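Peer 1: In this text, residue positions in the sequence shown follow our numbering: the first is 80, and each later residue adds one.
By construction, the Cβ of each residue, glycine as well, lies at the ideal position given by its N, Cα and C atoms.
As the structure is a prediction and not an experimental result, all values here were calculated from the model.
Got a structure for you, questions after.
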Amino acid sequence: MEPLSKPRKRRLSKDGSEHRDQRHELEKKRTKISFQCRRNHNRDLHKTTFLTLPHELRQQILLDTYDAAEPLPNLSDANLWTRHRELYEWAVTLRSAEMCLYDDIYYVLTRWFKEFGAWHDLEMQKVNDLNAKINELTESLSSVPPAPPIGTPLPFVNMLGILMLMERSQLLERVRRIMGLDG
80 MEPLSKPRKR RLSKDGSEHR DQRHELEKKR TKISFQCRRN HNRDLHKTTF LTLPHELRQQ
140 ILLDTYDAAE PLPNLSDANL WTRHRELYEW AVTLRSAEMC LYDDIYYVLT RWFKEFGAWH
200 DLEMQKVNDL NAKINELTES LSSVPPAPPI GTPLPFVNML GILMLMERSQ LLERVRRIMG
260 LDG
């Protein structure tokens, strides 16, 4: 029977932590990868990866990848606040995956927020135009005399005032019928 082996003494560093050498090697690898991510000077010895691509190309790929995931053919019909949350979660996930993507993700977020800002300005302009039309109609209707009691025939002017609220095509159709121009 062999004697029981003695337990090995663990090698402790000055600060008392274990595996100092392993951590040092890991830190070297991390620094090397980070450097290669930013600049791959010796391209012949390394395979091309997403991280070794130029900044501009990575940014465009990320932008196209996100847009292709859920295309927005018409921004005015999209629920952009939901889209904003998805984009933010996507960006946080990618940033945590690799630190050298931080600037690329910042670029994608900036582009998307510009797109959202343009859409928001356009929507606000539509709302302001609609309010102006409503105010214009309200002013024109206030000049129309009150309607006579129920049962009395409406004068032609009052009828036109009421018809102004309808769509243009319906208005033209009814005027043609009233005037007897409908063939």
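So, residue 188 versus residue 170, is the Cβ gap smaller than 8 Å?
Peer 2: As a working note, residue 188 is residue 109 in the sequence shown. As a working note, residue 170 is residue 91 in the sequence shown. In this structure, residue 170 lies closer than 8 Å to residue 188 by Cβ.
Peer 1: Would you identify the three-state DSSP class for residue 128, choosing helix, strand or coil?
Peer 2: For the purposes of this step, residue 128 is taken as the residue at position 49 of the sequence shown. In this structure, residue 128 counts as coil in the three-state DSSP scheme.
Peer 1: Do you know offhand how far residue 129's Cα is from residue 184's?
Peer 2: Here residue 129 is taken as the residue at index 50 of the sequence shown, counted from 1. Here residue 184 is taken as the residue at index 105 of the sequence shown, counted from 1. Near 14 Å, if we compare the C-alpha coordinates of residue 184 and residue 129.
Peer 1: Grouping DSSP H, G and I as helix and E and B as strand, with all else coil, what is residue 222?
Peer 2: By one-based count along the sequence shown, residue 222 stands at place 143. Residue state, collapsed to three classes: coil.
Peer 1: Going by the beta-carbon positions, is the gap between residue 138 and residue 186 smaller than 8 Å?
Peer 2: For this step, residue 138 is matched to residue 59 along the sequence shown. For this step, residue 186 is matched to residue 107 along the sequence shown. The answer is yes: Cβ separation under 8 Å.
Peer 1: Under three-state DSSP, which class holds residue 259?
Peer 2: Position 180 of the sequence shown, counted from the first residue, corresponds to residue 259. Coil at residue 259, not helix or strand.
Peer 1: With DSSP run on the structure shown, which of helix, strand or coil describes residue 229?
Peer 2: Looking up residue 229 in the sequence shown gives position 150. Coil, per DSSP.
Peer 1: Pull up the distance between the alpha-carbon of residue 194 and that of residue 201, whole angstroms please.
Peer 2: Stepping through the sequence shown from its first residue, residue 194 is reached at position 115. Stepping through the sequence shown from its first residue, residue 201 is reached at position 122. For residue 194 and residue 201, the distance between alpha carbons rounds to 11 Å.
Peer 1: Which value, in whole angstroms, describes the spacing of the CA atoms of residue 209 and residue 203?
Peer 2: Start at 1 with the first residue of the sequence shown, and residue 209 comes out as number 130. Start at 1 with the first residue of the sequence shown, and residue 203 comes out as number 124. So the alpha carbons of these two residues sit roughly 10 Å apart.
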